[in-house]
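Undergrad: As you go down the protein sequences, you meet chains S and L in turn.
The first sequence begins at 16 in this note's numbering and counts up by one.
The second sequence begins at 16 in this note's numbering and counts up by one.
We put the CB at the ideal spot given by N, CA and C, even for glycine.
On a predicted model such as this, the values are computed, not experimentally measured, just so you know.
There are 2 protein chains.
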Amino acid sequence: MVYNYIMKKVIVDILGGDNAPHAMLDGVVLAARKDPDMHFVLIGDEVIIRPKIDEAGIALRCEIIHTMESISNNEPPTNVKSKPNSSIALGMMALRKRDDVSAFVSAGSTGAVLAGAVLMVGRIPGVSRPGLCPLFPTLDPNKKVLVIDIGANMDCRPEHLLHFAIMGNEYMKSIGVENPRVALVNVGTEDKKGNELTSATFPLLKDADINFVGNMEAKDAFSGKYDVLVCDGFVGNVLLKTAEGAMKLVSQRIKAEIKSGFISSLGGLLIKSKMKKMKAELGEDSVGGSVFIGAKKPVVKAHGSSNAVAFSNAIALAHNAGKGDLSEKIEQAIARCTPPANEE
Amino acid sequence: MVYNYIMKKVIVDILGGDNAPHAMLDGVVLAARKDPDMHFVLIGDEVIIRPKIDEAGIALRCEIIHTMESISNNEPPTNVKSKPNSSIALGMMALRKRDDVSAFVSAGSTGAVLAGAVLMVGRIPGVSRPGLCPLFPTLDPNKKVLVIDIGANMDCRPEHLLHFAIMGNEYMKSIGVENPRVALVNVGTEDKKGNELTSATFPLLKDADINFVGNMEAKDAFSGKYDVLVCDGFVGNVLLKTAEGAMKLVSQRIKAEIKSGFISSLGGLLIKSKMKKMKAELGEDSVGGSVFIGAKKPVVKAHGSSNAVAFSNAIALAHNAGKGDLSEKIEQAIARCTPPANEE
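(1) Between which two residues does the beta strand (DSSP E) containing glutamate 90 of chain S stretch?
(2) So with Cβ pairs under 8 angstroms, would you call methionine 182 of chain L a contact of chain S?
(3) So the beta strand (DSSP E) asparagine 226 of chain L belongs to, where does it begin and stop?
(4) Using Cβ-Cβ distances below 8 angstroms, what residues of the region 223 to 241 of chain S are close to chain L?
(5) Counting only the same chain and skipping the five closest in sequence on each side, list residues whose C-beta sits under 8 angstroms from that of methionine 22 of chain S.
(6) Any beta-carbon of chain S closer than 8 angstroms to the one on aspartate 340 of chain L?
(7) Cutting at 7 angstroms between CB atoms, please list the residues of its own chain near isoleucine 68 of chain L, excluding the five before and the five after it.
(8) Anything in the region 159 to 192 of chain S with a Cβ closer than 8 angstroms to a Cβ of chain L? List those residues in chain order, please.
(9) With contact counted as at least three CB pairs below 8 angstroms, one residue from each stretch, are the region 153 to 160 of chain L and the region 236 to 248 of chain L in contact?
(10) Do glycine 31 of chain S and glycine 123 of chain S have their C-beta atoms within less than 8 angstroms of each other?
(11) Report yes or no: is there a C-beta of chain L within less than 8 angstroms of the C-beta of arginine 48 of chain S?
(12) How far does the beta strand (DSSP E) with histidine 318 of chain L in it reach, from first residue to last?
(13) Is there at least one Cβ from chain S nearer than 8 angstroms to threonine 93 of chain L's Cβ?
(14) Tell me leucine 161 of chain L's beta-bridge partners as DSSP assigns them.
(15) Output needed in chain order: residues of the region 39 to 63 of chain L with a Cβ under 7 angstroms from some Cβ in chain S.
(16) Name, please, each residue of chain L whose Cβ falls closer than 9 angstroms to the Cβ of asparagine 335 of chain S.
(17) Compute the Euclidean distance between the alpha carbons of arginine 138 of chain L and isoleucine 349 of chain L, then round it to the nearest angstrom.
(18) On a Cα-Cα basis, can you pick out the residue from S/Gly126, S/Lys292, S/Ile79 that is closest to alanine 87 of chain S?
(19) I need the DSSP call for glutamate 78 of chain S, collapsed to helix, strand or coil.
(20) Ignore the nearest five residues each way along the sequence and tell me which others in glutamate 61 of chain S's own chain have a CB closer than 7 angstroms to its CB.
(21) Looking at the structure shown, is arginine 48 of chain L part of a helix, part of a strand, or coil, going by DSSP?
(22) What separation, rounded to the nearest whole angstrom, lies between the Cα atoms of aspartate 28 of chain S and leucine 57 of chain S?
(23) Which residues mark the beginning and the end of the beta strand (DSSP E) in which phenylalanine 249 of chain S is found?
(24) Below 6 angstroms CB to CB, which residues in the same chain sit around leucine 297 of chain S once its five sequence neighbours on both sides are set aside?
(25) Measuring alpha carbon to alpha carbon, tell me which residue in L/Leu147, L/Gly59, L/Pro145 is nearest alanine 104 of chain L.
(26) The beta strand (DSSP E) that contains valine 25 of chain S, what's its start and end?
(27) Would a check of beta-carbon distances place valine 265 of chain S closer than 8 angstroms to chain L?
(28) Whose C-alpha, out of L/Ser189, L/Gly229, L/Leu154, L/Val192, is nearest the C-alpha of leucine 177 of chain L?
(29) In the DSSP assignment, the alpha helix (DSSP H) including leucine 177 of chain S goes from what residue to what residue?
(30) Please report the residue range of the beta strand (DSSP E) in which phenylalanine 119 of chain L lies.
(31) Relative to the alpha-carbon of alanine 271 of chain L, which residue among S/Ala271, S/Lys292, S/Met262 has its alpha-carbon at the smallest distance?
(32) Whole angstroms are fine: how far does the CA of glycine 283 of chain L sit from the CA of serine 288 of chain S?
(33) What residues from chain L crowd round isoleucine 86 of chain S, counting only those whose CB sits closer than 7 angstroms?
(34) By how many angstroms is the C-alpha of asparagine 335 of chain L removed from the C-alpha of asparagine 322 of chain L?
(35) From alanine 71 of chain S to lysine 208 of chain S, what distance separates their C-alpha atoms?
(36) Where does serine 97 of chain L land, buried or exposed, given buried means 16+ other C-beta within 10 angstroms?
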């Protein structure tokens with residue numbers, strides 16, 4: 016039997032996440048309604064899953080792998096190996112072995128998801144380190160920016176950042192961005208700026224077969240000027256979380272200011288629905304999760320706190336990352352960039 | 016003649032900054048009006064300075080060092096050595112040699128200011144690396160958080176971060192914060208989180224004579240939970256600039272949303288003054304600049320784009336940093352923390 020990409024199934028962990036299993040199941044239903052071509056392998060408690068998919072009328076598009084075992088955030092990530100019946104382990108094994116599945120999505124333990132992807136699914140040949148990367152909103156409502164890596168790799172060497180750049184570039188092309196503008200996260204835009212890592216990385220990115228636009232400053236991260244931001248996982252994590260904290264600072268201060276007067280309270284009522292819309296667009300629910308690129312098949316880590324809407328977006332993200340030939344493209348692109356040490 | 020701290024003068028670079036010399040002079044006048052105890056050494060063109068301070072009635076509190084030479088942002092920072100008549104070099108030499116001055120403030124080239132502070136004023140004995148640190152607003156309108164370092168030191172060793180922590184702690188105490196809560200910028204709050212640098216730094220901070228509250232995540236940077244955030248200059252720079260970018264993202268999106276409808280436009284008018292107030296509180300003008308701590312006397316780097324209000328705040332920052340015995344306190348605190356390698 017031959018499967019084409021339309022028929023390939025997304026594997027969904029129903030047991031991972033703060034709001035599992037119900038938010039996860041509701042997310043599947045939402046995703047299924049939005050895209051009638053999507054098929055699923057649902058991993059979790061059949062007793063809970065079955066009535067839900069029957070009721071939603073999507074049972075024919077769902078396969079169930081029954082388990083009641085999960086991995087908590089407090090367990091060592093490598094438990095993914097010692098607990099083969101956990102939902103993450105079962106999902107990773109299915110992703111590795113089956114030809115009819117395209118991607119895996121989980122809102123469970125980040126560590127276990129990344130460990131499972133590397134240890135059980137394996138890396139794309141040539142990729143030194145897979146990278147965890149979310150799409151972030153920008154000033155341009157029609158453009159998102161990919162930040163790679165945001166926490167899978169704490170201490171990086173220049174060649175890791177080169178691979179992040181190549182993978183990010185291929186990923187953005189795969190979701191329709193033409194000639195993605197790839198930039199190196201730095202403390203200034205001048206070529207010579209930065210620390211030892213960025214100084215050594217700059218020439219590698221300049222020589223790579225990508226549209227490298229140079230160093231960038233974090234204040235322009237969300238300007239829409241860039242499509243891919245390359246950094247080590249420590250810096251990427253600080254970048255993402257600072258943005259979260261700063262956005263919270265502004266919105267809470269605005270709320271407090273508006274509530275502090277009668278006239279402004281009235282004004283606050285009049286802009287309420289617009290504020291809600293903006294919050295939905297800028298909030299983490301809008302993207303749903305981060306893709307772990309560099310594993311043989313894409314793995315999506317949804318936020319632990321995902322609600323049904325956020326999780327449905329994460330499922331769509333996994334589906335989109337899995338339906339093309341991203342892994343082959345990455346393998347070819349990495350092969351083209353022979354590391355300097357091996358040049359003849 | 017004996018000077019007490021009230022009489023000590025703040026040295027002000029009138030030639031540095033995008034809006035020099037007029038915004039700088041206006042900033043001096045504002046600062047002088049706010050604090051009748053403040054005295055100044057103004058470095059710049061006497062022909063421009065004299066009429067201004069006469070008109071403002073502050074001539075008796077001002078001394079002028081005349082020069083028309085400055086260092087641009089495009090020059091190598093070490094030009095501070097080869098241009099002894101530049102305003103930054105003259106200011107640094109006065110700071111080093113004179114007993115009647117307490118601090119120096121400039122909106123000129125960051126590189127030249129930092130180089131001048133290290134090369135001409137010199138470090139406090141025992142301090143491995145001075146740190147550049149701004150005070151940032153938090154969710155609590157009455158609390159600010161210090162981030163050290165935000166760009167003076169790109170590649171740091173654990174003992175550099177230890178010194179940042181000690182200096183940040185003494186600085187916050189000097190401006191009235193009791194028992195400052197010092198945290199290490201990291202990717203999670205657990206003790207074992209992080210990269211090689213933070214892992215090696217954690218035990219040093221734990222053993223130091225400070226109120227070390229552990230690792231923190233950047234999303235809580237502005238929560239008001241911490242008083243001092245310790246990180247290397249690359250990470251600190253990303254943190255500060257990401258915050259700037261994210262705040263811009265939110266406020267521009269809000270503006271666009273509000274303008275997109277009639278009702279919300281009306282609401283926008285009603286909240287306009289409150290938004291302006293919030294912008295003034297959260298914007299960079301509210302603090303005015305970053306203190307470079309670890310030089311023998313404090314040096315304040317004001318934003319290059321400073322207007323008069325921002326620059327007057329930077330002058331106040333310098334005055335406050337310089338009026339106590341911060342340098343002595345730092346020297347003593349550093350001396351108390353013998354590095355592990357030298358322990359007996």
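TA: On the basis of the coordinates in this document:
(1) Within the first sequence, numbered from 1, the residue matching residue 90 of chain S stands at position 75. That residue, glutamate 90 of chain S, is in no beta strand (DSSP E); it is neither H nor E in DSSP.
(2) Numbered from 1 along the second sequence, position 167 holds the residue referred to as residue 182 of chain L. No - not a single Cβ of chain S is within 8 angstroms of the one on methionine 182 of chain L.
(3) Here residue 226 of chain L corresponds to residue number 211 of the second sequence, with the count starting at 1. That run of the beta strand (DSSP E) goes 226 to 232.
(4) Glu232, Ala233, Lys234, Asp235, Ala236, Phe237, Ser238
(5) Start at 1 with the first residue of the first sequence, and residue 22 of chain S comes out as number 7. Hits under 8 angstroms: His54, Asp115.
(6) Taking the second sequence and counting its residues from 1, one reaches residue 340 of chain L at position 325. False, the Cβ-Cβ gap to chain S never drops below 8 angstroms.
(7) In the second sequence, counting from the first residue as 1, residue 68 of chain L sits at position 53. Cβ within range, chain order: Ala74, Cys77.
(8) Cβ contacts with chain L: Gly166, Met169, Asp170.
(9) yes
(10) One-based indexing of the first sequence puts residue 31 of chain S at position 16. One-based indexing of the first sequence puts residue 123 of chain S at position 108. Yes, these two residues count as a Cβ contact at 8 angstroms.
(11) Numbered from 1 along the first sequence, position 33 holds the residue referred to as residue 48 of chain S. No, no contact with chain L.
(12) For the purposes of this step, residue 318 of chain L is identified with residue 303 of the second sequence, where counting begins at 1. From DSSP, histidine 318 of chain L is part of no beta strand (DSSP E); its letter is neither H nor E.
(13) Within the second sequence, residue 93 of chain L is the residue found at index 78, counting from 1. False, the Cβ-Cβ gap to chain S never drops below 8 angstroms.
(14) As a first step, residue 161 of chain L is located in the second sequence; it is residue number 146 there, counting from the start. DSSP, once it has assigned bridges, lists L/Leu150, L/Val243 as partnering leucine 161 of chain L.
(15) none
(16) On the first sequence, position 320 is the one that residue 335 of chain S refers to. Correct list: empty, because the minimum Cβ distance to chain L is about 24 angstroms.
(17) Here residue 138 of chain L is taken as the residue at index 123 of the second sequence, counted from 1. Here residue 349 of chain L is taken as the residue at index 334 of the second sequence, counted from 1. Using only the alpha carbons, I get a separation of about 12 angstroms.
(18) Taking the first residue of the first sequence as 1, we reach residue 87 of chain S at position 72. First, the amino acid is wrong: residue 87 of chain S is serine here, not alanine. Taking only the C-alpha atoms, the option nearest serine 87 of chain S is S/Gly126.
(19) The residue you call residue 78 of chain S lines up with position 63 of the first sequence. Reduced to three states, the DSSP call for glutamate 78 of chain S is strand.
(20) By one-based count along the first sequence, residue 61 of chain S stands at place 46. Taken in chain order, the residues that qualify are Ile79, His81.
(21) Taking the second sequence and counting its residues from 1, the one referred to as residue 48 of chain L is at position 33. Under the three-state reduction of DSSP, arginine 48 of chain L is assigned to helix.
(22) Stepping through the first sequence from its first residue, residue 28 of chain S is reached at position 13. Stepping through the first sequence from its first residue, residue 57 of chain S is reached at position 42. For aspartate 28 of chain S and leucine 57 of chain S, the distance between alpha carbons rounds to 6 angstroms.
(23) The residue labelled residue 249 of chain S in the question sits at position 234 within the first sequence. Run containing phenylalanine 249 of chain S: none in the beta strand (DSSP E); it sits in the alpha helix (DSSP H), 248 to 274.
(24) The residue given as residue 297 of chain S occupies position 282 in the first sequence. So the qualifying residues of the chain are Pro152.
(25) One-based indexing of the second sequence puts residue 104 of chain L at position 89. If we check each option's Cα against that of alanine 104 of chain L, L/Gly59 comes out closest.
(26) In the first sequence, the residue the question calls residue 25 of chain S occupies position 10. Residues 24 to 28.
(27) Counting from one through the first sequence, the residue named residue 265 of chain S turns up at place 250. Taking Cβ atoms only, chain L reaches closer than 8 angstroms to valine 265 of chain S, which makes this a yes.
(28) As a position in the second sequence, residue 177 of chain L is number 162, starting the count at 1. Just measuring C-alpha positions, the residue of L/Ser189, L/Gly229, L/Leu154, L/Val192 sitting nearest leucine 177 of chain L is L/Gly229.
(29) Here residue 177 of chain S corresponds to residue number 162 of the first sequence, with the count starting at 1. That run of the alpha helix (DSSP H) goes 173 to 189.
(30) Locating residue 119 of chain L in the second sequence gives position 104, where the first residue counts as 1. Start and end: 116 to 121.
(31) Position 256 of the second sequence, counted from the first residue, corresponds to residue 271 of chain L. It is S/Lys292.
(32) If you number the first sequence from 1, residue 288 of chain S lands on position 273. If you number the second sequence from 1, residue 283 of chain L lands on position 268. Taking the straight line from one Cα to the other gives about 13 angstroms.
(33) Reading the first sequence from its first residue, position 71 is the one you call residue 86 of chain S. Result: empty, since nearest Cβ-Cβ is about 17 angstroms, beyond 7 angstroms.
(34) Against the second sequence, residue 322 of chain L aligns to sequence position 307. Against the second sequence, residue 335 of chain L aligns to sequence position 320. Going by the C-alpha atoms only, they are around 20 angstroms apart.
(35) Here the question's residue 71 of chain S lines up with position 56 in the first sequence. Here the question's residue 208 of chain S lines up with position 193 in the first sequence. Using only the alpha carbons, I get a separation of about 55 angstroms.
(36) Numbered from its first residue, the second sequence carries residue 97 of chain L at position 82. Under this definition serine 97 of chain L is an exposed residue.
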